[in-house]
Amino acid sequence: MKAILILCVNFSVMVSMIPAISVAGDSIKSGSAMAKSISDYVAEFEKDDSKLVQSLEKFKKKLLKSKESGWKPPWQGYKDAKDRSYYEKLNTEDLAKECFSTSLWAREIIIYNRPAYGIARAGIFHDGFAVLYERPDFWEAIASVYIHLAQKLAEIKVEQKQTNPQTLSAEQRTQMDILFNLKTLQYVYTYPLFIQKLKGKEEQLLRANVDALKAVLSYAGESEYRDKPFWGATVAYGLSRPMFALLKKTNPDSYSEIISRLENT
């Protein structure tokens, strides 16, 4: 476990991300700003938010009424969704790949101030996500998605030089979908159902997330990591934040030490 923890909280790697993350517009311009961002994220992860749980239940009931009336969100991913029986036959890893094959997840999350509402809405209107949320190994699926998306991104290797959605090539659209999903996957750790399912499995998930981060950085490549701040730094940082939450659960002393060092950088 010691080697895993060292990988998870590599101080020099975290500090090296700061300039690129700042360029990417995430307002992380110093070690102390990064420490605060991580601490705020961990606090959200640790919060026993019964009000959120109750609010989500009311929210889902309203969505179900809308669904019964025939309404669904406008994203193409909903139109292309298959029926529930198809998703139920898939193993969890393949199910996760299917769910994250479009940017539907990310689009739902950015709509709401609290990402949990977007996560819930995806589960109401898309049977694939509904089945995924029900799986006991939901937490393992999320770790596998990071690696799968990183592999897919490496295969594309498209320079993203223009962002007009009307003129993007199919490869560029796929690249943007993958980046979008990678950046927003971190918010699953604020979803009460997910947090409930990973209780007692924090150390296992920490190991899985370390492997995922290594894969993301490996597939990005050294040049891309330095030259493409959104992909190289912001995505890697988005994966790092959940690992700090898990680290605090499994080894609070190591967590405190790293936060302290970041605050003084």
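Residue numbering for the sequence shown follows the working numbering, beginning at 8 and increasing consecutively. The beta carbon of each residue, even a glycine, is placed where N, CA and C say it ideally should be.
Taking the alpha carbon of T181 as the reference point, which residue from K159, K104 and E53 has its own alpha carbon closest?
Numbered from 1 along the sequence shown, position 174 holds the residue referred to as residue 181. When each option's Cα is compared against that of T181, the closest is K159.
Look up Y194 in the DSSP assignment and say whether it is helix, strand or coil.
Along the sequence shown, read from residue 1 onward, the residue named residue 194 stands at position 187. If DSSP states are grouped into helix, strand and coil, Y194 belongs with the helices.
So, using beta-carbon positions, are A215 and S151 closer together than 9 Å?
Taking the first residue of the sequence shown as 1, we reach residue 215 at position 208. Taking the first residue of the sequence shown as 1, we reach residue 151 at position 144. Contact flag set, yes.
Nearest to A243 by alpha carbon, out of D90, N188 and E264?
Along the sequence shown, read from residue 1 onward, the residue named residue 243 stands at position 236. Answer by Cα proximity: N188.
Taking the CB atoms as reference points, tell me whether E53 and E100 lie closer together than 9 Å.
Locating residue 53 in the sequence shown gives position 46, where the first residue counts as 1. Locating residue 100 in the sequence shown gives position 93, where the first residue counts as 1. It is not a contact, given that the beta carbons lie outside the stated cut-off.
Does the region 117–124 touch the region 134–149, meaning 3 or more C-beta pairs lie closer than 8 Å?
no
In the DSSP assignment, find the alpha helix (DSSP H) that holds F132 and state where it starts and stops.
On the sequence shown, position 125 is the one that residue 132 refers to. From DSSP, the alpha helix (DSSP H) with F132 extends over P122 to F132.
Considering Cα atoms alone, identify which of V49, Y124 and F107 is closest to K284.
The question about residue 284 has no answer here: the residues shown for the chain are numbered 8 through 272.
Residue range of the alpha helix (DSSP H) that Y85 falls in?
Indexing the sequence shown from 1 puts residue 85 at position 78. That run of the alpha helix (DSSP H) goes Q83 to K86.
Taking the beta carbon of E115 as the centre, do at least 16 other beta carbons fall within 10 Å, making it buried, or is it exposed?
Residue numbering aside, residue 115 sits at position 108 when the sequence shown is read from its first letter. So E115 ends up on the buried side.
Smallest Cα separation from D134: which of V60, A103 and A157?
What you label residue 134 is simply residue 127 of the sequence shown in a count that begins at 1. Among V60, A103 and A157, the Cα nearest to that of D134 belongs to A103.
Going by other Cβ atoms of all chains shown within 10 Å of its Cβ, with 16 needed for buried, is P236 buried or exposed?
By 1-based counting over the sequence shown, the position of residue 236 is 229. For P236, the predicted model reports a pLDDT of 47, less than 50, meaning its position is unreliable; a value from the coordinates is still stated below. That one is buried.
My guess is that E193 and L246 are in contact by the Cβ rule of under 8 Å, so how many angstroms apart are they, rounded?
On the sequence shown, position 186 is the one that residue 193 refers to. On the sequence shown, position 239 is the one that residue 246 refers to. One detail in the question is off: residue 193 reads as Gln in this sequence, not Glu. The Cβ separation is near 7 Å, so the contact holds.
How many Å lie between E95 and L269 at the Cα?
Numbered from 1 along the sequence shown, position 88 holds the residue referred to as residue 95. Numbered from 1 along the sequence shown, position 262 holds the residue referred to as residue 269. Taking the straight line from one Cα to the other gives about 44 Å.
Count the other C-beta atoms from every protein chain shown that fall within 10 angstroms of the C-beta of V60, then say buried if there are 16 or more, exposed otherwise.
Along the sequence shown, read from residue 1 onward, the residue named residue 60 stands at position 53. By the neighbour-count rule (16 or more Cβ atoms within 10 Å), V60 is not buried but exposed.
Ends of the alpha helix (DSSP H) at Y94?
For the purposes of this step, residue 94 is taken as the residue at position 87 of the sequence shown. Start and end: R91 to E95.
Contact check, Y2 vs L200 under 8 Å by CB: the rounded distance?
No information on residue 2 is available, as it lies outside the stretch 8 to 272 that the chain covers here.
Quick check: what's the CA-CA separation for P249 versus S39?
As a first step, residue 249 is located in the sequence shown; it is residue number 242 there, counting from the start. As a first step, residue 39 is located in the sequence shown; it is residue number 32 there, counting from the start. Those two C-alpha atoms are separated by around 18 Å.
Put R142 into one of helix, strand or coil per three-state DSSP.
The residue labelled residue 142 in the question sits at position 135 within the sequence shown. R142: coil per DSSP, three-state reduction.
Taking the alpha-carbon of D90 as reference, which of I131, A50 and S110 has the nearest alpha-carbon?
Locating residue 90 in the sequence shown gives position 83, where the first residue counts as 1. For the residues I131, A50 and S110, the minimum Cα distance to D90 belongs to I131.
Locate the alpha helix (DSSP H) running through P80, then write down its first and last residues.
The residue you call residue 80 lines up with position 73 of the sequence shown. Premise fails: P80 is in no alpha helix (DSSP H) and is neither H nor E.
Applying the 10 Å Cβ sphere with the 16-neighbour rule, what's the burial state of W112?
For the purposes of this step, residue 112 is taken as residue 105 along the sequence shown, with counting starting at 1. Per the 10 Å Cβ criterion, buried.
Look up E229 in the DSSP assignment and say whether it is helix, strand or coil.
Along the sequence shown, read from residue 1 onward, the residue named residue 229 stands at position 222. Here E229 scores only 44 on pLDDT, less than 50, and its place in the model is too uncertain to base an answer on.
With a threshold of 8 Å on Cβ separation, who are the neighbours of S92 within its own chain once the five nearest residues in sequence on each side are excluded?
As a working mapping, residue 92 is identified with position 85 in the sequence shown. Same-chain partners within the cutoff: there are none.
P80: buried (16+ other C-beta within 10 angstroms of its C-beta) or exposed?
The residue you call residue 80 lines up with position 73 of the sequence shown. Result: buried.
Specify the secondary structure class of K206 as computed by DSSP and reduced to three states.
Working through the sequence shown from its first residue, we reach residue 206 at position 199. Three-state result, K206: coil.
With 16 as the cutoff for other CB atoms within 10 Å, does S108 come out buried or exposed?
Stepping through the sequence shown from its first residue, residue 108 is reached at position 101. Buried, since its Cβ has 16 or more Cβ neighbours within 10 Å.
Can you name the start and end residues of the alpha helix (DSSP H) that Y244 belongs to?
Numbered from 1 along the sequence shown, position 237 holds the residue referred to as residue 244. In the DSSP annotation of this structure, the continuous segment of the alpha helix (DSSP H) that includes Y244 starts and ends at A243 to T257.
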